[in-house]
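2 protein chains.
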Amino acid sequence: MKIRYNLLKTEKNTQARFGTIQTNHGTYETPMFMPVGTRATVKSLSKEELKDEHAGIILSNTYHLWLRPGPDVIKNCGGLHKFMSWDQPILTDSGGFQVFSLAKNKRKDITEEGVHFKSHIDGQNLFLTPEKSIEIQNKLDSDIAMSFDECPPYPVTYEYMKKSVERTLRWAKRGKKVHNNPNQALFGIVQGGEFTDLREYSCKETVKLDFDGYSIGGTSVGEDKPTMYKMVEDGIRYLPKDKVRYLMGVGDPIDIIEGVIRGVDIFDCVLPTRIARHGQAFTRGGKINLNNAKYKEDLNPIDNSCDCYTCKNYSKAYIRHLITTGETLGGRLLSIHNIRFLIKLTEELREAIKNDNILEYRKEFLTKYEGKQKK
Amino acid sequence: MKIRYNLLKTEKNTQARFGTIQTNHGTYETPMFMPVGTRATVKSLSKEELKDEHAGIILSNTYHLWLRPGPDVIKNCGGLHKFMSWDQPILTDSGGFQVFSLAKNKRKDITEEGVHFKSHIDGQNLFLTPEKSIEIQNKLDSDIAMSFDECPPYPVTYEYMKKSVERTLRWAKRGKKVHNNPNQALFGIVQGGEFTDLREYSCKETVKLDFDGYSIGGTSVGEDKPTMYKMVEDGIRYLPKDKVRYLMGVGDPIDIIEGVIRGVDIFDCVLPTRIARHGQAFTRGGKINLNNAKYKEDLNPIDNSCDCYTCKNYSKAYIRHLITTGETLGGRLLSIHNIRFLIKLTEELREAIKNDNILEYRKEFLTKYEGKQKK
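Residue numbers (numbering that gives the first Met the number 0), protein chains in the order written: chain Y, 0 to 374; chain E, 0 to 374.
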């Protein structure tokens with residue numbers, strides 16, 4: 000089996016959907032937030048901690064694993080699941096996002112054949128193609144592989160975006176052709192920037208290629224929020240209802256709510272673990288920074304309403320001490336909390352879909368979350 | 000109650016003793032290895048991980064906690080146990096070891112009153128005295144406080160060491176006088192370097208002051224192994240049998256065995272967590288370095304005979320990947336393994352004491368451990 004998406008309910012007033020994804024590593028409910036394990040490890044966390052947070056699928060990065068330890072090492076170790084000792088599903092990205100940001104001379108380095116770039120580790124000249132990306136992902140043996148797409152910067156002209164969408168379609172076809180892992184699903188990626196007709200075109204043409212799921216790409220690249228939400232709407236409108244929809248690289252709590260309302264099923268983002276390492280935590284009253292001296296003797300947990308390990312066991316005073324002294328336990332405790340915060344948010348969104356009250360849920364969430372943010 | 004040591008059995012052929020320490024935070028068997036939590040955290044580990052490794056007492060550092068977050072913050076947070084959410088015993092060192100290494104001009108900075116030095120964080124001029132050390136430890140509210148002693152370098156002349164021993168005795172008296180925490184035990188420290196008669200003198204005079212336990216100081220300062228083991232023998236010979244004996248800063252597996260054979264009850268050392276962060280692991284066949292390319296596709300655990308979380312769940316190939324890519328989970332997994340290795344060693348030494356076969360145990364351990372080391 001590759002994967003199967005089961006749509007169980009659409010919310011009455013919006014496009015929000017409750018469903019399940021069946022995989023070879025278990026069945027999980029959507030909407031879902033996927034923690035990011037860039038180098039086959041969700042930074043500083045154990046698999047038990049991820050499971051305690053009710054994580055479902057996790058994401059890992061093809062570019063990073065290609066460089067170290069290399070796809071053959073992982074293949075020889077029995078695939079990514081066995082290598083990292085994780086028995087739940089894994090989605091791998093295509094490596095595209097990383098190599099596009101590493102390509103120095105965009106005009107020269109990005110060719111029809113693929114992308115030339117230098118390794119961030121040793122400067123070595125490397126070349127990634129749609130075929131190579133799929134070949135690596137086949138070896139990694141993730142549950143879900145992503146097509147290799149062009150990730151244009153923002154903004155670009157309509158003409159550039161049109162050509163880019165065409166190229167992404169050609170790359171999607173090339174990748175699909177060489178994809179050769181009967182246990183691995185392959186997702187297509189909808190591009191088109193902020194141009195409604197290009198999103199429509201990209202969407203319809205990608206769907207014609209018949210992928211196992213679809214991703215909305217090209218958001219969170221510098222556009223404002225209304226533009227981003229419109230990109231999501233335009234990217235989803237022509238997707239089939241019986242396939243899963245994945246909004247890549249989005250993990251801000253408000254963006255997750257807005258994405259779910261527009262029909263997104265899965266999200267991923269490094270945000271919860273990255274801000275954790277800098278001492279920041281999500282709370283129902285907005286983001287807080289544990290470096291702040293006002294928490295020095297604060298014996299309360301980060302968030303009284305949170306059910307995570309960190310909030311059940313440690314005070315803000317202690318976490319602040321760990322963060323300000325550079326102790327890795329601090330980032331670990333905040334990562335646990337932040338990931339749980341986003342996963343709990345998706346659990347509540349699922350309930351709101353079942354109860355047909357997601358718009359009230361959004362209003363209530365935003366009142367608390369943005370109220371504090373603006374202080 | 001402060002603490003109570005119960006001697007339950009002395010091994011037939013050596014000075015090795017099996018016993019228990021009763022504390023306000025539970026009763027634990029000795030010989031015991033104490034993991035080091037310098038800044039109120041055993042680097043990268045959670046309390047559950049420490050308990051899974053069967054840790055008993057942990058050690059925390061007065062100097063580091065004095066600077067950050069400060070003893071008053073910890074006092075206002077309800078003491079060190081509540082601050083760090085640890086319900087088992089804590090021993091705090093005196094801060095002496097750190098400030099002696101920070102004192103630049105030994106002749107000028109080390110005075111009868113105390114030690115002048117500069118903070119390692121911001122270069123601030125600081126002054127630590129026997130009274131101040133005890134006052135800080137009283138506020139930290141650890142189960143066991145250590146006397147502030149002079150830690151002379153190695154080697155020094157007999158005359159210097161004699162004067163130093165006298166000073167350590169005066170400092171021990173001054174500390175004991177101001178010690179004011181009915182729930183906290185206070186340990187004296189035996190010094191005297193490699194001079195048998197000075198160890199005897201230090202031992203007898205320290206015991207006269209009637210501490211709750213005794214520590215052997217001034218080892219692991221550059222002397223060779225035979226000298227170190229003689230220091231331990233000389234430091235213990237005149238200690239009372241009904242008080243616990245603590246060999247400070249010693250954590251090499253062979254040194255633990257030799258210390259136990261000479262009558263030591265507790266040990267501490269940063270070694271297992273420090274070498275973990277550099278990719279090294281203890282095994283029954285000697286220390287190994289996970290950075291080594293030969294482990295790239297090695298699906299075996301670090302040590303087949305080990306019962307730790309790391310060995311039950313992860314391969315050398317995966318840990319090598321984490322270590323070589325700088326992922327903190329790597330240091331965490333190796334810390335779990337290395338601490339468990341030393342704790343399991345003390346568990347086996349306890350059994351050997353009960354079975355009166357500790358010399359055979361040593362022989363067997365060394366054959367495997369040193370055999371591999373010499374390869």
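Even for Gly, the Cβ is constructed at its ideal location relative to N, Cα and C.
First and last residue of the uninterrupted alpha helix (DSSP H) at residue i
{"i": "A316(E)", "result": "315-323"}
{"i": "S201(E)", "result": "195-207"}
{"i": "D108(E)", "result": "105-108"}
{"i": "R273(Y)", "result": "270-276"}
{"i": "L49(E)", "result": "46-51"}
{"i": "Y237(Y)", "result": "Neither: Y237(Y) is in no alpha helix (DSSP H) and is coded neither H nor E."}
{"i": "V263(E)", "result": "No alpha helix (DSSP H) holds V263(E); DSSP gives it neither H nor E."}
Residue i, DSSP secondary structure in three states
{"i": "I143(Y)", "result": "strand"}
{"i": "K81(Y)", "result": "helix"}
{"i": "H115(E)", "result": "strand"}
{"i": "P129(E)", "result": "helix"}
{"i": "Q136(Y)", "result": "helix"}
{"i": "P70(E)", "result": "helix"}
{"i": "Q97(E)", "result": "helix"}
{"i": "D355(Y)", "result": "coil"}
{"i": "L34(Y)", "result": "It is worth fixing the name first, because residue 34(Y) is Pro in this sequence and not Leu. Looking at P34(Y) - three-state DSSP - the assignment turns out to be strand."}
{"i": "T303(Y)", "result": "A small correction: the amino acid at residue 303(Y) is Asn; Thr does not occupy that position in the sequence shown. In this structure, N303(Y) counts as coil in the three-state DSSP scheme."}
{"i": "K374(E)", "result": "Note that K374(E) has pLDDT 46, beneath the 50 cutoff, so the model's placement of it is unreliable and the number below is only indicative. Residue state, collapsed to three classes: coil."}
{"i": "A280(Y)", "result": "strand"}
{"i": "R244(E)", "result": "strand"}
{"i": "N182(E)", "result": "coil"}
{"i": "N291(E)", "result": "coil"}
{"i": "N12(E)", "result": "coil"}
{"i": "E326(Y)", "result": "coil"}
{"i": "K229(Y)", "result": "helix"}
{"i": "M160(E)", "result": "helix"}
{"i": "G250(E)", "result": "coil"}
Between the CA atoms of residue j and residue i - distance to the nearest angstrom
{"i": "L333(E)", "j": "L64(Y)", "result": "22 angstroms"}
{"i": "F281(E)", "j": "S214(E)", "result": "26 angstroms"}
{"i": "S93(E)", "j": "D148(E)", "result": "8 angstroms"}
{"i": "E10(E)", "j": "G212(E)", "result": "21 angstroms"}
{"i": "Y368(Y)", "j": "G284(Y)", "result": "4 angstroms"}
{"i": "A351(E)", "j": "I357(E)", "result": "5 angstroms"}
{"i": "A316(Y)", "j": "L44(Y)", "result": "22 angstroms"}
{"i": "M145(Y)", "j": "V114(Y)", "result": "16 angstroms"}
{"i": "R375(Y)", "j": "T345(E)", "result": "Here chain Y covers residues 0 to 374 and nothing more, so residue 375(Y) does not appear."}
{"i": "K374(Y)", "j": "R67(E)", "result": "In this prediction, K374(Y) scores a pLDDT of 45, lower than 50, which makes its location untrustworthy; no coordinate-derived value is stated."}
{"i": "S314(E)", "j": "E47(Y)", "result": "16 angstroms"}
{"i": "R173(E)", "j": "T327(E)", "result": "43 angstroms"}
{"i": "Y228(E)", "j": "T37(E)", "result": "26 angstroms"}
{"i": "K242(E)", "j": "T40(E)", "result": "28 angstroms"}
{"i": "T128(E)", "j": "N137(E)", "result": "14 angstroms"}
{"i": "M31(E)", "j": "I265(E)", "result": "5 angstroms"}
{"i": "K42(E)", "j": "R331(E)", "result": "8 angstroms"}
{"i": "R16(Y)", "j": "Y245(Y)", "result": "13 angstroms"}
{"i": "N12(Y)", "j": "D306(Y)", "result": "30 angstroms"}
According to DSSP, residues forming a beta bridge with residue i
{"i": "K175(E)", "result": "Looking at the DSSP assignment, K175(E) forms no beta bridge with any residue, so it has no partner."}
{"i": "G187(Y)", "result": "Y213(Y)"}
{"i": "S59(Y)", "result": "T91(Y)"}
{"i": "L6(E)", "result": "G18(E)"}
{"i": "N124(Y)", "result": "K117(Y)"}
Enclosing beta strand (DSSP E) for residue i [first to last residue]
{"i": "T29(E)", "result": "25-29"}
{"i": "Y213(Y)", "result": "212-215"}
{"i": "N312(E)", "result": "That residue, N312(E), is in no beta strand (DSSP E); its alpha helix (DSSP H) goes 308-312."}
Contact with chain A by residue i, beta-carbon distance below 9 angstroms
{"i": "H320(E)", "result": "The structure shown has no chain A; the protein chains it does contain are Y and E."}
heavy atom of the ligand COA below 8 angstroms from residue i C-beta
{"i": "I73(Y)", "result": "This structure lacks the ligand COA; in fact it carries no ligand of any kind."}
Quick one, which residues of the region 78-96 of chain Y are near chain E if we go by CB-CB under 9 angstroms, in chain order? K81, F82, M83, S84
Any residues in the region 30-47 of chain Y with a beta carbon nearer than 8 angstroms to a beta carbon of chain E? Which ones, in chain order? R38, A39, T40, K42, S43, L44, S45, K46
Selection of the region 181-214 of chain Y by Cβ proximity to chain E, strictly under 9 angstroms: none
Would you list, in chain order, the members of the region 276-296 of chain E that have their beta-carbon closer than 8 angstroms to a beta-carbon of chain Y? Going along the region 276-296 of chain E in chain order, one finds K295, E296 with a Cβ nearer than 8 angstroms to chain Y.
Short-range partners of chain E found in the region 53-80 of chain Y, where Cβ spacing is below 7 angstroms: Within the region 53-80 of chain Y, the residues whose Cβ lies closer than 7 angstroms to some Cβ of chain E are R67, P68, V72, N75, C76, listed in chain order.
Selection of the region 152-177 of chain E by Cβ proximity to chain Y, strictly under 8 angstroms: none
Name the residues in the region 307-318 of chain Y whose C-beta lies less than 9 angstroms from a C-beta of chain E; which are they? Y308, N312, Y313, S314, A316, Y317
Residues of the region 327-357 of chain Y with a CB closer than 9 angstroms to any CB of chain E: list them in chain order, please. Listed in sequence order: T327, L328, G329, G330, R331, L332.
Contacting positions in the region 110-138 of chain Y - beta carbon closer than 8 angstroms to chain E: Those would be none; no residue qualifies.
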